[in-house]
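13 is the number of the first residue of the sequence shown in the working numbering; add one for each residue after it.
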Amino acid sequence: MISPVSKIDGRIITYEGADYTVEGPIPHKDVVQLRDLSGDVYQISGEVFRLHVSRGLVRETADPMAEIGRILTLEQNFEYRFKLKVAQEALRLREECVPWKHRRDLILAMINAHDEFTQRRKPFPKESAIRNWVNAYVKKGPHGLLPRTHRSGNRTDRCDALFREIVEDLIEQHYLPHDRMRISDLWNKAVEQYRVLCDEYGQKPGNHGRKIVESIVKNIPHDDVVKRRIGSKYYKTHRKLAAKFYDIKAPFDRVEIDSTQVDAFVVNDKRETIGRPYATAAIDCATGWILALIITLHPPNSETVALALQEAMTPFDDEDFEKYGIVNRLNVAARFKLAVFDQGPENSGDILDTIIRAARFEAYWAEPGNPQAKPFIEAFFKALSLMVTTLSGATKSQLLPAQKRTLKAEREACLTFDELNAAVQKWRFDEYGRTPRRRINNVFKIEETPTEAMERLAKEHLIPDPPTDDELTEFFWVRKEVRGGWKYGIEHERMQYFSNELGELLRRIGFGKKLEIRFNPLDADSIRVRDPQTGQCIKAYNKVPGLKGIPYSVIKESRSALSAHGGPQRTREEIFADILARQAEKQSQGTKMKRARAKEIGSRRIQQMLERSQEDPSLNGQVRSTGKPKPLEVPSARKLPKVERKDAL
13 MISPVSKIDG RIITYEGADY TVEGPIPHKD VVQLRDLSGD VYQISGEVFR
63 LHVSRGLVRE TADPMAEIGR ILTLEQNFEY RFKLKVAQEA LRLREECVPW
113 KHRRDLILAM INAHDEFTQR RKPFPKESAI RNWVNAYVKK GPHGLLPRTH
163 RSGNRTDRCD ALFREIVEDL IEQHYLPHDR MRISDLWNKA VEQYRVLCDE
213 YGQKPGNHGR KIVESIVKNI PHDDVVKRRI GSKYYKTHRK LAAKFYDIKA
263 PFDRVEIDST QVDAFVVNDK RETIGRPYAT AAIDCATGWI LALIITLHPP
313 NSETVALALQ EAMTPFDDED FEKYGIVNRL NVAARFKLAV FDQGPENSGD
363 ILDTIIRAAR FEAYWAEPGN PQAKPFIEAF FKALSLMVTT LSGATKSQLL
413 PAQKRTLKAE REACLTFDEL NAAVQKWRFD EYGRTPRRRI NNVFKIEETP
463 TEAMERLAKE HLIPDPPTDD ELTEFFWVRK EVRGGWKYGI EHERMQYFSN
513 ELGELLRRIG FGKKLEIRFN PLDADSIRVR DPQTGQCIKA YNKVPGLKGI
563 PYSVIKESRS ALSAHGGPQR TREEIFADIL ARQAEKQSQG TKMKRARAKE
613 IGSRRIQQML ERSQEDPSLN GQVRSTGKPK PLEVPSARKL PKVERKDAL
């Protein structure tokens, strides 16, 4: 019997001398489902499967199904195998020079003879559909045949901000244990007030059904805000989730990190609209204090999240307080116990893994499609979206939704990226930091501002120390290599590195010895060399000056592929000239807004690299404990070395 698996595995297992594909474990059973080359399905116990794993009989495979990143339903999995079989058979017949007018009939005969697909109730596809499947399979492989409906659906807000405020205010007023309302009473009162306010404001009421009220209650971190009867299965899940928030006792016990797109357009210096920026934030769940807020023009990536974590563990710079005109200058930074992410692509990568190991905190990746697992950061983004609607170029307002105001927002946009960033940073400290939070959004069920909560809990609990300069440097030194040490120093990526400390080390241990080096993929200015006798790392600097903050990937792209190994080094000016030339070529493609956006991103990146290249090289890498982190472009991660496994006896 074919059963849906809880998680797609994709590995290969050698069982009794034959190879099978591991589809995955079956829910609520200690059973693993296998499939052979002919498509037949088998099941073995979990104990037997784990025994084969320990003996090295389960190995990794390059099957794209193992990297889907989501779970297919039984029907989707069946349809995927059907499409794959049809596409493979069509390609086989093409190799035999069978014309298309006969190819469909031969494929239909093959499918009818296959027992697995006899239960398919849909009509057999026409020739045009088979051609599309073959083209998708040739271009994208098995991934091209996967259903693309998992991203479908309406992701806009279910209600407007006014109705949400009314519901949360009613819950806040009746949050005492003896005065809690039922869902029906809450909904009736909210609808009544909502319609009255809509008449006063002269606006048309939006969606305000009962299910919207239930969704608002569901996203509140407390489980006792209303009286309701729910099933035992959902009750256990909800209580379990709520118990995690009750475990928060002190600042930095739990920090939530997420990214979103800002609901406002910005312009460049020439007043050309360059699109909507992105915001990456980190919030302390105990106090509601915003530990980090980074605004970027490019979509968030793993380095953006890493810089947000760095800012959360680094005191805010006094120069930035003066730059943004911030009055509420509460400056708190420390290591935290738990960091909560979602499963977006920006929340993975070797840099993020290195930070988690170096900072020694626990990380948790919430399930996709469950915003209630991160209620605090979701509430902050709602407040940020509400604040942005008051600025010029906002894509939505209290009266017009996002879809109807987009063109108007593009025309009226007048804020530059720096002006929007300054407004958001000042609002983060002076307004949001001094606005009382509702009790339903506070783990301690009291009404106080994030600033008051942080000051109060800082007296009651011991806040951990923030990372040191050297520890922050370790976050980004993620790559290791082995190189030989010679009289001229160490050569890495066709560039030479040397320092007085390295010269003393080489004279002490002898030239030609293999040494372990660590380097930052985002900074070609210096490397770290490990002393094999003491285990300490010493610095060695690039003999080409002015490369601080320039990634190795940029230098590789600017280097001629035909240049001889060990040839003349390119100067800093030549590298930047090549970067500008390649950037101009990329900016000549796309729509007018895309070209303006790419030009702005490129110019900002080059300006940031120029600023970092002029910093004092005596600092620990490119990371400073006092200094605002700046976004860089992260190169793709290297492949890990393969591990050879012994064959089964």
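Cβ coordinates follow ideal geometry from the N, Cα and C atoms, glycine included.
Compare the C-alpha of residue i against each of the options and name the closest.
i	options	result
Lys386	Ser360, Gln355, Leu403, Thr402	Gln355
Lys335	Pro39, Leu103, Lys438	Lys438
Lys394	Thr168, Leu46, Arg93	Thr168
Ile266	Gly405, Leu534, Ala346, Arg93	First, the amino acid is wrong: residue 266 is Arg here, not Ile. Nearest of Gly405, Leu534, Ala346, Arg93 to Arg266, Cα basis: Ala346.
Ala375	Val352, Leu396, Pro357	Val352
Asp275	Ile38, Gln205, Ala173, Ala406	Ala406
Tyr213	Ile195, Leu174, Lys223, Lys201	Leu174
Arg62	Arg23, Asn89, Phe333	Arg23
Lys223	Gly496, Lys201, Ile195	Ile195
His114	Arg132, Glu139, Tyr92, Asn280	Glu139
Thr299	Phe456, Val229, Gly153	Phe456
Cys426	Leu46, Lys606, Thr285	Thr285
Glu72	Ile25, Val344, Asp332	Ile25
Thr326	Thr85, Val344, Arg607	Val344
Asp270	Ile363, Ala391, Ala102	Ala391
Tyr54	Pro312, Pro37, Leu69	Pro37
His40	Val34, Gly29, Ser57, Leu432	Ser57
Asp281	Thr428, Val203, Leu398, Lys152	Thr428
Met122	Asp296, Lys134, Ala102	Ala102
Arg542	Gly156, Ala536, Ile550	Ile550
Arg451	Ala30, Ile232, Leu342	Ile232
Val70	Val44, Leu474, Asp362	Val44
Ala1	Arg133, Val179, Leu342, Val225	There is no way to answer for residue 1, as the model of the chain reaches only from 13 to 661.
Ile567	Met193, Pro533, Thr546, Gln545	Pro533
Phe136	Glu59, Leu396, Arg506, Asp117	Asp117
Glu503	Asn554, Ile183, Trp301	Asn554
Glu177	Val146, Leu209, Leu46	Leu209
Arg506	Ala536, Lys499, Lys525, Pro263	Ala536
With 16 other CB atoms within 10 Å as the buried threshold, where does residue i fall?
i	result
Phe523	exposed
Gln50	A quick correction: the sequence has Ser, not Gln, at residue 50. So Ser50 ends up on the exposed side.
Ile458	exposed
Gly579	Any reading at Gly579 must be qualified, since the residue scores a pLDDT of 45, below 50, and its modelled position is unreliable; the value itself is stated next. So Gly579 ends up on the exposed side.
Tyr32	buried
Cys171	buried
Asn219	exposed
Gln548	exposed
Lys245	Any answer about Lys245 is weak, because its pLDDT of 49 lies below 50 and its placement is not dependable; what the coordinates show is given next. Exposed is the call here.
Asp48	exposed
Thr463	buried
Asp477	exposed
Leu198	buried
Ala141	exposed
Lys651	Note that Lys651 scores 40 on pLDDT, short of 50, meaning its location in the model is unreliable and no value can be drawn from it.
Glu358	buried
Gln185	exposed
Val635	Note on Val635: pLDDT 35, under 50, position unreliable in the model; the coordinate value appears next. Its Cβ being crowded by 16 or more others within 10 Å, Val635 is buried.
Glu87	exposed
Met77	Caution applies to Met77, whose pLDDT of 47 falls short of 50 and renders its modelled position unreliable; the value that the coordinates give is listed next. So Met77 counts as buried.
Arg440	buried
Asn453	buried
Gly221	exposed
Pro563	buried
Arg372	exposed
Which residues share a DSSP beta bridge with residue i?
i	result
Tyr32	Ile25
Asp265	In DSSP, Asp265 forms no bridge with anything.
Gly287	Val278
Phe531	Arg491, Ile539
Asn554	Tyr509
Arg609	Note: Arg609 sits in no beta bridge, so no partner.
Tyr54	Leu46
Ile302	Ile295
Arg143	According to DSSP, which records beta bridges pairwise, Arg143 is partnered with nothing at all.
Ile307	Ala291
Val70	Ile25
Ala406	Ala276
Ser271	Thr292
**Request:** Quick one: which unbroken alpha helix (DSSP H) runs of 4-plus residues sit fully inside the segment 431 to 509? Chain order, please.
**Result:** 462 to 472, 481 to 488
**Entirely enclosed beta strand (DSSP E) segments - the segment 325 to 390, minimum 3 residues** = 350 to 353, 374 to 377
**Asked** If you pair each beta-carbon of the segment 311 to 319 with each one of the segment 286 to 303, do three or more pairs fall below 8 Å?
**Response** yes
**Prompt:** Looking at C-beta atoms only, is the number of pairs between the segment 117 to 134 and the segment 91 to 108 that lie closer than 8 Å three or more?
**Reply:** yes
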